[in-house]
Amino acid sequence: MKYLALVWGLLIAPQVYSYNLQMDIPHAPAVVLTVQDLEQMEATQYTTMLPWLSAPATFTGVKLSTLLAQQYGFIPNRVTLRALNDYAADIDLSDIEKYQPIVAYWQDGKPMRVRDKGPFWLIYPQSSFPKELNIERYHSQMVWQLKQIHIAK
Numbered sequence: 691m692k693y694l695a696l697v698w699g700l701l702i703a704p705q706v707y708s709y710n711l712q713m714d715i716p717h718a719p720a721v722v723l724t725v726q727d728l729e730q731m732e733a734t735q736y737t738t739m740l741p742w743l744s745a746p747a748t749f750t751g752v753k754l755s756t757l758l759a760q761q762y763g764f765i766p767n768r769v770t771l772r773a774l775n776d777y778a779a780d781i782d783l784s785d786i787e788k789y790q791p792i793v794a795y796w797q798d799g800k801p802m803r804v805r806d807k808g809p810f811w812l813i814y815p816q817s818s819f820p821k822e823l824n825i826e827r828y829h830s831q832m833v834w835q836l837k838q839i840h841i842a843k
């Protein structure tokens, strides 16, 4: 019985401790990216204050526009972001182009754990546009524990 528990623990451990980002579009295979995949792409950093933090933090990640263009060759009119708990938010092309949110994988130079809103978190540069972005509409789009980016055609 001890061995069965050990084997079961080893089988589920990768799912518990490693999370990937799935990108999908209708009628095409899903693209699954790891933190390491995103680290290989051009990085952008934003130091910003967020409502959930007590001090400004520096986030490192890939611009959502870059990620979409590299994976699909275009930026769609709307994307849906989905979290590990299935919370979902839609983001329009106009906001992607104007504010250039990033899919962050580091906070203050360290990988983000699930308990710290990681491993992926959509971040807007709120401190650069405080009057525009510090409102509920954009707060609700900053999906943490991001697991999926869905493109509807």
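If you count the sequence shown from 1, you need to add 690 to reach my numbering. Glycine is no exception: its CB is placed at the ideal position from the N, C-alpha and C atoms.
- Within a 10 Å sphere around the beta-carbon of TRP742 sit fewer than 16 other beta-carbons, which makes this residue exposed.
- Boundaries around LEU783 are those of the alpha helix (DSSP H), 783-789, since no beta strand (DSSP E) includes it.
- DSSP, read as helix, strand or coil, puts VAL833 in coil.
- Taken atom to atom, the span from the alpha-carbon of ARG772 to that of TRP811 is near 11 Å.
- Going by C-alpha positions, GLN835 is about 17 Å away from ASP798.
- Residue environment analysis places THR748 among the exposed positions, since fewer than 16 neighbouring C-beta atoms fall within 10 angstroms of its C-beta.
- Distance from the CA atom of PRO716 to the CA atom of HIS840, rounded to whole angstroms, is 9 Å.
- Between the C-alpha atoms of VAL804 and TYR777 there is a straight-line separation of about 15 Å.
- Check the Cα spacing between ILE813 and each of VAL752, GLN761, LYS800, MET713: the tightest is with VAL752.
- Less than 8 Å separates the beta-carbon of PHE819 from that of TYR789.
- One thing to note: GLN761 has its Cβ no nearer than 8 Å to the Cβ of MET731.
- Shortest Cα-Cα distance from LYS821 to any of ASP782, MET739, LEU728 involves MET739.
- In this structure, the CA atom of GLN838 is about 17 Å from the CA atom of LEU783.
- When secondary structure is reduced to three states using DSSP, LEU812 falls in the strand class.
- The three-state secondary structure of LEU774, taken from DSSP, is coil.
- DSSP places THR724 outside any alpha helix (DSSP H), giving it a letter other than H or E.
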